[in-house]
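Enquirer:
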Amino acid sequence: MSLNGDKLKDFLIIGIGNPLRCDDGVGPYVADCIEAKSLSGVKVWITQQLFIEDLERMLEFKRIILVDASTDGPAVDFHLVEKAQSQALSSSHHLSAQTFVNLARSIYQKDVSLYLCSVKGSCFEVGDKLSPDVRQNAQKAVQLICDSLKG
Amino acid sequence: MDSQVNKDNTILISPVTRIEGHAKITIDLGPDGKVKDAKFHVNEFRGFEKFCEGRYFTEMPSITPRICGICPVSHSVSSAKACEMIMGIKPTYTGDLVRRLIHLGQMISSHALSFFHLSSPDFILGWDSDPSLRNIIGIAQQSPELALKGIRLRKFGQEISERITGKKIHIMGIVPGGMGSALTEENRKALLGWIAEATETTQIGIDLIKKYHDQNKEMVNTFATIPTLYMGTVGPEGELELYDGKLRFIDENGKILQDQIDPKHYLDFIAERSIDWSYLKYPYYKPYGYGKGFYRVGPLARLNVASKMKTPKAQKEFLNFKAMNSGKPVHGTFFYHYTRLIEMLGSIEEAEHILKDHKITSTDVCSQGKHNVNEGIGSSEAPRGTLFHHYKTDNSGKLTSVNLLIATGQNNPAMNQSVLEVAKQYIQGKNPKEGALNRVEAAIRCYDPCLSCSTHAIGSMPMIIEIKDHTGEIVHVLKRG
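Chains D and Y supply the protein sequences, listed in that same order.
Our numbering puts the first residue of the first sequence at 1, with every later residue one more than the last.
Our numbering puts the first residue of the second sequence at 1001, with every later residue one more than the last.
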C-alpha cells in the first residue's frame, strides 16, 4: 500500500541525465524507448537529477528502475540497489540511489524495491547525440528492463 | 571530509561540503602553531557573462535560470526586469503577482534546503558527530519526523514553481512583460492547502534555532562576529522587500548610509576588485573604498537593514531579532540561520496573501513591447542576497555586455573574514580535529553560498581545507566530495 493507503502502482522507470551532454542522455533515451512501448502498468519519468522530494512520489510504486549513464563499469549493468551502512552526503545537487533506499527506510519506514540500470558512456561533451556503441547498448538496456518487468 | 597535513603546516579542507559549488579553504599557521591567516578560495569559472554576448536580450530570462538550480527564479526575475527596462514596459498586475509568488516559492525552497538539509545536522547531531552521518540522512535516522517536515517544506516551495511553470527547477515562463503562463484555480487551491503545514514546520525550525541559541549563547555570540556594512532591498517604508524595491545601505552601527536607491544606480555605490587567489571578486561599498567598504547581503543583512516585516508572524520574530542588539545590527554570522527562518515565515505568509488575491488566476499575465533603449538593469533579492543583472545591447537588441553581480560574490570578503575568525577560535596546531574543521566550514555554510552562481560555474560542490605552516608549506589537507 502507498503512503495514502491507495493500492501501489506497478512500475516506475526514471531516466536520469542531460540529453544535451551526449551520452549523459542515455537514461532519458532508454526511458523514451520504454515509454514508446506503452506497456501496461509502467509509468515513465525523465529528469536531470533526483531530489529527496521525489521520494514520496516514488514510494507509490512497487518497483522503481533508475536508468543512468555511468563513466566506468560494464557496458550495461542492472542490479538491485542495497541499503548502505553509512552514506556520506556532501551535495544537495546529487543523491545516489543508495541514499534513496536509506532515506525510504529512515523517513518512511519503507523497504523500496529500487533497481539501477547503468549504461556506460564515452562522451559527455556538449551535444545531443549518443555515441553509436552507447545507442546500441541502450537497446540492450531496454530489453533487460522489459524482461525484468515480466518477472 | 578528507584531510591532509602537509610539511609546511598548512591545513587544507577540501572539499567544503554542504554548500553549493566547489571551494577550498587554506589556513596559515604561525611559528607558534596559531592561526595567522585563512582564505576561502573559489576555483571554478563558468563564463555566462561572456558567452551570452551576441544573444538577443529577450533570451536572457530563459538562459540565466540555468546558472543555478537553487535560485533560478531570482536570475529569471532580475533578467526580465533588465529586459523590461530595455523595452520600456512594466509587467501586468497579475504577471507581476505570479512572478512574486514563484519568487517566494524559491525563497522557501532554498531556505528550507539550507536550514533543514545542510546546516541543521551540525546543531542537531553535533559539530563533532560522525561526518558520514552529519547530513540529512543522519537527521532522518535520528529525527525522521523532522527530516520529513524539512523535505516537505522544500517540496512546497518547489511545487509553487511547478504548478505555475511546469518545472521545479530551471524554470521557464518568466518573460519580459510578466509571465508566459497563468495560475489555474485548481493549482491556486492546491497551493493554499500547503500553507498551514509550511507555517508549522517553519515555526518548528525557529523554535529549534532559538533553543540552540539559548543553550549555546557563548558559541553563537562569538561565532564569526564581524562588524560590517549591510545592504538589502526595502519597500517605501523600509519594510523587507524580496522581489522589488529600493536599495538601502547601513553601517556597522545601524546608521543609514543610503536609502531608497534605485537598483539601476548600483554602480554608483558598488565597486569590485579582483584578487589573485580566487575566481570570486571582492565587491565593496564605493564611498568607503576597498576594505572599509566591505558589506554583507542575504538574510542577516536584509533583517539588519529593514525597519519592519510585511506580515504579522514574521514581524513578531523580527522584533525578537531586533531586540538582540537593542535595535542595532546583529553582527554574529551564526544569526544568518535565524534570519533565514524569519524570512521563510514571512514568505509563507505573503504567499498565502497572494494566493487569496482574486486576480492571481487572471490570464492577463503579460504586456508587450520591443527593443527601445540599449541598456537595462534588473535586481531582486535572491535567497543569498541582492542580485543584479546588467545588460547592454546594440541597436538590433543583441547583447554587447552582460554583468551579473551575485549575492555570494558580495559576501566574499565577509566569508573570508568569517573563516579567519572561526579558524583562530577553534584551530590550534597542524593536526586539528575534524570537528574543529567542520566549524570552519560551518562559517561558510552560514552564508549558504552558491558558488555555481557567483563564479557562474558548473556546480558540484566539493571543497578543500589546507593548513600551511609559517614557511608556506602545506602540512594538512582535508578533502571531501
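Every residue gets a Cβ at the ideal spot worked out from N, C-alpha and C, and that includes glycine.
Quick one: what's residue 147/D bridged to in DSSP?
Expert: None, per the DSSP bridge assignment.
Enquirer: Do residue 1234/Y and residue 1080/Y have their CB atoms nearer than 9 Å?
Expert: In this structure, residue 1080/Y does not lie closer than 9 Å to residue 1234/Y by Cβ.
Enquirer: Going along chain Y, which residues have a C-beta under 8 Å from residue 106/D?
Expert: By Cβ distance, chain Y contributes 1137, 1140, 1141, 1144, 1147.
Enquirer: Got a sec, what are the start and stop residues for the beta strand (DSSP E) residue 1446/Y sits in?
Expert: Element bounds for residue 1446/Y: not the beta strand (DSSP E) but the alpha helix (DSSP H), 1434 to 1446.
Enquirer: Using a C-beta cutoff of 9 Å, does residue 51/D count as contacting chain Y?
Expert: Chain Y contact via Cβ: present.
Enquirer: Is there a Cβ from chain D that is less than 9 Å from the Cβ of residue 1171/Y?
Expert: Chain D, which has no Cβ nearer than 9 Å to the Cβ of residue 1171/Y, makes this no.
Enquirer: Does residue 54/D come out as helix, strand or coil in the three-state DSSP assignment?
Expert: Three-state DSSP puts residue 54/D in a helix.
Enquirer: Measuring alpha carbon to alpha carbon, tell me which residue in 1083/Y, 1341/Y, 1167/Y, 1415/Y is nearest residue 49/D.
Expert: Among 1083/Y, 1341/Y, 1167/Y, 1415/Y, the Cα nearest to that of residue 49/D belongs to 1167/Y.
Enquirer: Report yes or no: do three or more beta-carbon pairs, one from the region 1261 to 1274 of chain Y and one from the region 1360 to 1380 of chain Y, lie closer than 8 Å?
Expert: Result yes; three or more Cβ-Cβ pairs closer than 8 Å.
Enquirer: The region 46 to 74 of chain D: which residues have C-beta closer than 7 Å to a C-beta of chain Y, in chain order?
Expert: Those would be 52, 53, in chain order.
Enquirer: Roughly how many whole angstroms lie between the Cα atoms of residue 1397/Y and residue 1110/Y?
Expert: If you take the alpha carbons of residue 1397/Y and residue 1110/Y, they lie about 33 Å apart.
Enquirer: Alpha carbon to alpha carbon, what distance is there between residue 1141/Y and residue 1292/Y?
Expert: Cα to Cα, the separation comes out at about 46 Å.
Enquirer: Just list the alpha helix (DSSP H) runs in the region 1127 to 1213 of chain Y, keeping only unbroken ones of 4 residues or longer that don't cross its boundaries, in chain order.
Expert: Fully enclosed alpha helix (DSSP H) runs of 4 or longer: 1136 to 1142, 1144 to 1165, 1185 to 1192.
Enquirer: Where do the N-terminal and C-terminal ends of the beta strand (DSSP E) with residue 1418/Y fall, by residue?
Expert: Looking at the DSSP string, residue 1418/Y is not in any beta strand (DSSP E); the run it does join, the alpha helix (DSSP H), is 1412 to 1426.
Enquirer: Under a Cβ-count criterion, where at least 16 other Cβ atoms within 10 Å of its own Cβ denotes burial, should residue 1421/Y be classed as buried or exposed?
Expert: So residue 1421/Y ends up on the buried side.
Enquirer: Given residue 1429/Y, which residues of its chain have a CB within under 6 Å of its CB, disregarding the five upstream and five downstream residues?
Expert: Correct list, in chain order: 1033.
Enquirer: Measuring only the C-alpha atoms, how far is residue 117/D from residue 16/D?
Expert: Spanning the two alpha carbons is a distance of roughly 10 Å.
Enquirer: Leaving aside the five residues before and after residue 92/D along the sequence, list all residues of the same chain whose C-beta is less than 8 Å from its C-beta, in chain order.
Expert: Model confidence at residue 92/D stands at a pLDDT of 49, short of 50, so the residue's coordinates are unreliable and nothing is read from them.
Enquirer: Note down, in chain order, all residues in the region 1163 to 1193 of chain Y with a beta-carbon under 7 Å from any beta-carbon belonging to chain D.
Expert: Answer set for the region 1163 to 1193 of chain Y: empty.
Enquirer: Contact between the region 1267 to 1280 of chain Y and the region 1336 to 1354 of chain Y is defined here as three or more beta-carbon pairs at a separation below 8 Å; is this criterion met?
Expert: Contact between the region 1267 to 1280 of chain Y and the region 1336 to 1354 of chain Y is absent, because fewer than three Cβ pairs lie under 8 Å.
Enquirer: Among the residues of its own chain, which have a CB less than 6 Å from the CB of residue 61/D, if the five just before and after it don't count?
Expert: Result list for residue 61/D: 9, 12, in chain order.
Enquirer: Say whether chain Y places a C-beta atom closer than 9 Å to the C-beta of residue 114/D.
Expert: No, residue 114/D lies away from the interface with chain Y (no Cβ there is under 9 Å from its Cβ).
Enquirer: Compare the C-beta of residue 103/D with all C-beta atoms of chain Y and state if any pair is closer than 9 Å.
Expert: Judged by the 9 Å Cβ criterion, residue 103/D is in contact with chain Y.
Enquirer: What does the alpha-carbon distance come out to for the pair residue 32/D and residue 44/D?
Expert: So the two alpha carbons sit approximately 8 Å from each other.
Enquirer: Starting from the beta carbon of residue 1151/Y, find every residue of chain D whose beta carbon is closer than 7 Å, and list them in chain order.
Expert: Going along chain D in sequence order, the residues near residue 1151/Y (Cβ under 7 Å) are 52, 53.
Enquirer: Starting from the beta carbon of residue 1158/Y, find every residue of chain D whose beta carbon is closer than 9 Å, and list them in chain order.
Expert: Within 9 Å Cβ-Cβ: 51, 53.
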